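Peer 1: Residue numbers (the numbering used here): 117 to 286. A virtual CB, placed ideally from N, CA and C, is assigned to each residue, including glycine. Keep in mind it's a predicted model, so treat the numbers as computed, not measured.
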């Protein structure tokens, strides 16, 4: 079961039924979707995804997923899950735009790295960042992520596959 986590400013809380509207609102923001490398998805599909987290992901312990909270306000989303492009685990974070530029993305990723090391026993974790997502790529460099390769999508978009040792100070 996904445990709650805490960093200096953020609470990582497993989603609850009452968090559905906040989750939907985050994934209906065009800027968030653009930086996550996905298209805007119809609201009913996002609601179905949220319900699947509660009905499938958590009960089957498929992967760890949290809502990110700052002082009681929903600030974003985080995951640690098996990666599709490498044999390992990927870190996923998405902050609502009103929380950008405050160091919270870096704090969230650091929290996920610690969790991956301390709770999952992982030695290395990965991230997928769109080649045009300059702020996230810069944050990854500051944290010590290294570029492994570029992944080119069917639509020609480029995503950078990054890796970091969980034993490196983040």
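What residue does the beta strand (DSSP E) around residue 236 start on, and which one ends it?
Peer 2: The residue given as residue 236 occupies position 120 in the chain shown. Residue 236 -> no beta strand (DSSP E), and no H or E assigned at all.
Peer 1: Would you decide whether residue 152 is buried or exposed? Buried here means 16 or more other CB atoms lie within 10 Å of its CB.
Peer 2: Locating residue 152 in the chain shown gives position 36, where the first residue counts as 1. Buried, because 16 or more other Cβ atoms sit within 10 Å of the Cβ of residue 152.
Peer 1: Buried or exposed: residue 271, going by 16 or more other Cβ atoms within 10 Å of its Cβ?
Peer 2: Along the chain shown, read from residue 1 onward, the residue named residue 271 stands at position 155. Label assigned to residue 271: exposed.
Peer 1: Per DSSP, residue 265 is paired with what?
Peer 2: Start at 1 with the first residue of the chain shown, and residue 265 comes out as number 149. Per DSSP, 277.
Peer 1: Within its chain, find whatever has a CB closer than 8 Å to the CB of residue 200; leave out the 5 residues flanking it on each side and keep chain order.
Peer 2: Indexing the chain shown from 1 puts residue 200 at position 84. These residues qualify, in order along the chain: 206.
Peer 1: With residue 207 as the anchor, note down where its beta strand (DSSP E) starts and where it stops.
Peer 2: Working through the chain shown from its first residue, we reach residue 207 at position 91. 205-211 is the extent of the beta strand (DSSP E) around residue 207.
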